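Reading through the structure tokens given below for one structure.
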Amino acid sequence: MAIREATFGGGCFWCLEAVFQALAGVESVESGYAGGQIPNPTYQQVCTGTTGHAEVIRIAFDDRVIDYETLLNVFFATHDPTTRDRQGADVGSQYRSVIFHHDDEQRTLAEAVVARLNAGRIWPDPIVTQIEPVPTFYPAEGYHQNYYRRYPTQGYCQAVIAPKLAKLRRSFRELVADEERRSA
1 MAIREATFGG
11 GCFWCLEAVF
21 QALAGVESVE
31 SGYAGGQIPN
41 PTYQQVCTGT
51 TGHAEVIRIA
61 FDDRVIDYET
71 LLNVFFATHD
81 PTTRDRQGAD
91 VGSQYRSVIF
101 HHDDEQRTLA
111 EAVVARLNAG
121 RIWPDPIVTQ
131 IEPVPTFYPA
141 EGYHQNYYRR
151 YPTQGYCQAV
161 IAPKLAKLRR
171 SFRELVADEE
181 RRSA
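At position 40 of the sequence shown the residue is numbered 40 (the UniProt record's numbering), and the sequence of numbers has no breaks.
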């Protein structure tokens, strides 16, 4: 098995976590914080927008099943990469669109995907996603992990996450893990 890591931020980590957990080849997804100035931040500290951290997910994936470029394509299709420090009603630098690359290959691929998407004018505005080397990752508190799987009927999950998962199943059906396809 060729397990690699990817780290993305694109708004609330609950949304990204649910999307990437649904993909075949993704071994694990952990919600957390990265890119800030203080060690071991808490959710309450990050929510102030003053620590510099983004809500992110760390993905462990089998690159023989799903490659990094495919993960990038899913990432860009399931959030708005054209709004700085915002995703929907979530506003603040902690909700920024960011790719924390783990090596030069990931950086090069991320830059190429952004260039391709901007050239294709997929969105009316240019992509503002930051591409930076991966900093220290701090796992979020336990109550944030597997949030959608634990609380699928919660209001936020129904209003925000469920539509993202529906879009994923429509747009990337061939990538969705078998158990996710059966529950769709």
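Built from N, CA and C at the ideal position, the CB exists for glycine as well.
Predicted model, so just to flag it, every value in this text is computed and none were measured.
Where the alpha helix (DSSP H) through residue i begins and ends
i      : result
Val46  : 43-47
Thr83  : Run containing Thr83: none; DSSP gives neither H nor E here.
Val19  : 13-21
Tyr148 : 147-150
Residue closest to residue i, alpha-carbon to alpha-carbon, out of the options
i     : options                        : result
Phe76 : Cys157, Gln158, Cys15          : Cys15
Thr7  : Glu141, Ala24, Gly25, Val29    : Val29
Thr31 : Gln154, His53, Gln37, Glu132   : Looking at the sequence itself, residue 31 is Ser, so the reference to Thr does not match. It is His53 whose Cα lies nearest to the Cα of Ser31.
Pro39 : Phe137, Trp123, Gln106, Asp125 : Phe137
Paired residues, beta bridge with residue i - DSSP
i      : result
Asp101 : Rather than Asp, the amino acid found at residue 101 in this sequence is His. Answer is Pro133.
Pro163 : Answer is none; Pro163 lacks a bridge partner.
Gly32  : Val56, Pro139
Phe61  : Arg4, Val26
Val91  : Arg86
Val176 : Leu23
Alpha-carbon to alpha-carbon, residue j and residue i
i      : j     : result
Arg86  : Arg64 : 33 Å
Leu165 : Val19 : 6 Å
Ile127 : Gly10 : 12 Å
Glu69  : Tyr33 : 23 Å
Thr51  : Gly88 : 21 Å
Where the beta strand (DSSP E) containing residue i begins and where it ends
i    : result
Arg4 : 3-10
Worksheet entry | Stretch pair the segment 40-49 + the segment 139-155: three plus CB contacts closer than 8 Å | yes
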